[in-house]
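The next block holds one structure in the form of structure tokens; read it before the comments.
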Amino acid sequence: MIEDTSNGYEAVADAFVAARSSSTTGLAIVRKWAASLPRGGSVIDIGCGSGEPVTAALIDAGLAVSAIDASPALVAAFRQRFPDVEVACEPAERSRFFDHSFDGAVAIGLIFLLPESAQRDLIGRVAGALKPGGRFLFTAPRQVCAWDDVLTGRRSSSLGAEEYGRVLAQSELHLIAEHVDEGENHYFEAQKRAA
1 MIEDTSNGYE
11 AVADAFVAAR
21 SSSTTGLAIV
31 RKWAASLPRG
41 GSVIDIGCGS
51 GEPVTAALID
61 AGLAVSAIDA
71 SPALVAAFRQ
81 RFPDVEVACE
91 PAERSRFFDH
101 SFDGAVAIGL
111 IFLLPESAQR
121 DLIGRVAGAL
131 KPGGRFLFTA
141 PRQVCAWDDV
151 LTGRRSSSLG
161 AEEYGRVLAQ
171 SELHLIAEHV
181 DEGENHYFEA
191 QKRAA
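Sequential numbering from 1 applies to the sequence shown in my numbering.
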């Protein structure tokens with residue numbers, strides 16, 4: 001049996017694309033974050049799905065985007081929509097993209113899908129790939145909690161704001177802001193210390 005490294009999203013790719021393609025939830029936060037980066041800056045979209053709406057917003061902001069998703073179906077949809085954007089079909093936890101440097105990284109709707117140890121490891125890998133002063137935006141509930149993902153039925157969990165803050169600090173990232181969008185999704189915004 002082949003391991004599903006997409007956290008169940010390969011099996012529900014069509015439903016995910018349908019739900020996200022027309023959604024504007026959180027776009028104002030992503031756009032404001034993107035505007036804080038240098039024009040033409042490099043950004044990695046971690047768990048990009050089909051690229052709608054986050055990758056599209058990053059491109060519209062004039063950023064040079066690279067992307068990662070572990071679902072072959074979602075990466076195929078991404079490539080069809082954004083043929084000029086480099087995208088890797090691989091789990092974020094093992095992505096080759098973290099051998100590069102970026103001005104920013106986003107992980108919308110991904111971190112809490114990972115086991116707790118993988119969440120910590122991924123934050124560390126993101127920190128290592130960010131340039132000094134680089135910014136990281138990710139979503140996770142503010143409170144410590146666990147639930148079954150609506151689309152996949154798989155277990156998801158949040159480490160909670162206090163633990164995310166601790167993990168960020170250990171990775172040389174400073175939590176600079178928290179945001180809540182119109183769908184009550186919680187965003188953590190961090191910045192790597194300048195050199």
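A virtual CB, placed ideally from N, CA and C, is assigned to each residue, including glycine.
Inside the region 136–183, DSSP marks whole alpha helix (DSSP H) runs of 4 or more residues at positions 161–170, from first to last along the chain. For G62, the secondary structure class from DSSP, reduced to helix, strand or coil, is coil.
When C-beta atoms of the region 117–127 are compared with those of the region 144–152, fewer than three pairs fall below 8 angstroms, so the two segments do not count as touching. Taking the Cα positions, E182 is about 15 angstroms away from P53.
The Cβ atoms of A105 and P91 do not sit closer than 8 angstroms to each other. Its Cα nearest to that of E189, the residue A140 stands out among Q170, S157, A140, A64. When the five nearest sequence neighbours on each side are left out, the beta carbons in the same chain lying within less than 7 angstroms of the beta carbon of L27 are those of P53, A57, in order along the chain. Sorting V75, W33, E93 by C-alpha distance to the C-alpha of I111 places E93 at the top. C-alpha of G133 to C-alpha of Q170: approximately 16 angstroms in a straight line. In this structure, V144 lies near G160, with their beta-carbon atoms less than 8 angstroms apart.
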